[in-house]
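Residue numbers (my numbering): 12 to 341. Note that CB positions come from ideal geometry on N, CA and C, so glycine has one too. Here is the structure we will look at, set down as structure tokens.
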Ligand SMILES: [Mn+2]
């Protein structure tokens, strides 16, 4: 099944212009200003003033766009279609927040996201550090209401504060919880591991309604059981997917701000994402790629592939809606 709309402007044809040539938009997709209307915008959010360890994720959007040249947008064999032919996908540029004031930056990023989110549009943000998930969630919440969330990360990111600061890359999901952005009992972390500050971190996270699939569960419980648990958690709710690239083992994603040993292999992450087809994905981010610590674009290539898969998931969920009106589904 391949429904192709006549008006869609496709990314640059990889059979006509080699992938190492031409403009450096995500997967060489058209820019937002080059199309009449669009469905999914990939948007850079180059902000990293919220980090607790290594800085450098402000260069993430540039790194991921560069690595995305390797993508052949024509066909995604794991989904059986090209998401770029199902949806008008654009590179919507960068949302900029001041690097000198986290609170001001978070408002600037939210305003920028809201100005892009027109009728029926969805955004995939490339961070930036994980702080940027808060303004993206606030914007998605204003447009779609409360959301479910699946959060791939080595860390919980539901801590209360760092050095007295309430909005950081380790605290933004507690802020989102306090702001009633999440649907109760519809959130789940995947890939959690590593030492924490206190046992209370876990109980407080559970009290906020999060479930946890630990990195070690991939060995102990088996993949299908984990996917079933996650899908049950999300249900048919509008869902935000947040992917901190440090969910991957540092062997697969060394170029990140807070690396943690014992993580997922890249095949597990991609397989998990692809198993979420049909989930109603209304927003997403891929964060914490810090190219200065990377080698041979390893981390950026993972992140670019994750963005491609997120676009495919959004294509599936759009078809899910369309099926109600009789069009073919994903
Ligand atoms: Mn994180």
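By the beta-carbon neighbour count (other beta carbons within 10 angstroms, threshold 16), residue 167 is buried.
A distance below 7 Å between beta-carbons, with the five flanking residues on each side excluded, links residue 320 to the following residues of its chain, in chain order: 281, 284, 285. No heavy atom of ligand 1 is found nearer than 7 Å to the CB of residue 212. Relative to the Cα of residue 311, the nearest Cα in the group 263, 189, 39 belongs to 263. By the Cβ neighbour-count rule, residue 251 is buried, with 16 or more other Cβ atoms within 10 Å of its own. The distance from the Cβ of residue 293 to that of residue 317 is about 17 Å, inconsistent with a contact at the 8 Å cut-off.
Proximity of the stretch 185-204 to the stretch 133-148 meets the contact definition, three or more beta-carbon pairs being nearer than 8 Å. Residue state for residue 100 is assigned as strand, using DSSP reduced to three classes. If you draw a straight line from the Cα of residue 133 to the Cα of residue 119, it comes to about 18 Å. Our two residues, residue 300 and residue 83, have alpha carbons roughly 21 Å apart in a direct line. The residue among 329, 287, 74 with its C-alpha nearest the C-alpha of residue 89 is 287. Residue 127 sits away from residue 35, with the two beta carbons spaced by 8 Å or more.
Here residue 32 carries a coil assignment [DSSP, helix/strand/coil].
Under the DSSP assignment, residue 163 falls outside any alpha helix (DSSP H), being part of the beta strand (DSSP E) whose first and last residues are 158-163. With a threshold of 7 Å, the Cβ atom of residue 200 does not count as near ligand 1, since no heavy atom of the ligand is closer than that. With respect to residue 140, residue 68 sits close: the two C-beta atoms are nearer than 8 Å.
With fewer than 16 other CB atoms across the displayed protein chains lying within 10 angstroms of its CB, residue 247 is exposed.
Proximity of the stretch 264-274 to the stretch 233-241 falls short of the contact definition, fewer than three beta-carbon pairs being nearer than 8 Å. In the three-state reduction of the DSSP assignment, residue 321 falls in the helix class. Using a cutoff of 7 Å, the CB of residue 164 counts as near ligand 1, since one of the ligand's heavy atoms is closer than that.
Taking residue 30 as the centre and dropping the five residues before and after it, the same chain places the C-beta of 80 closer than 6 Å to its C-beta, in chain order. DSSP places residue 282 inside the alpha helix (DSSP H), whose first and last residues are 277-285. The C-beta distance from residue 201 to residue 161 rounds to 6 Å, short enough to fall under 8 Å. One Cα belongs to residue 275, the other to residue 244, and the distance between them is close to 21 Å. For the pair residue 39 and residue 57, the CB atoms are not nearer than the 8 Å cut-off. Per DSSP, residue 120 is one residue of the alpha helix (DSSP H) stretching across 113-127. For residue 222, the pairing in a beta bridge is given by DSSP as 199.
Considering only 238, 199, 208, 241, the residue with the shortest C-alpha distance to residue 221 is 199. Only residues of its own chain outside the window of five on either side were considered, and among them 58, 108, 109 have a CB closer than 6 Å to the CB of residue 116, listed in chain order.
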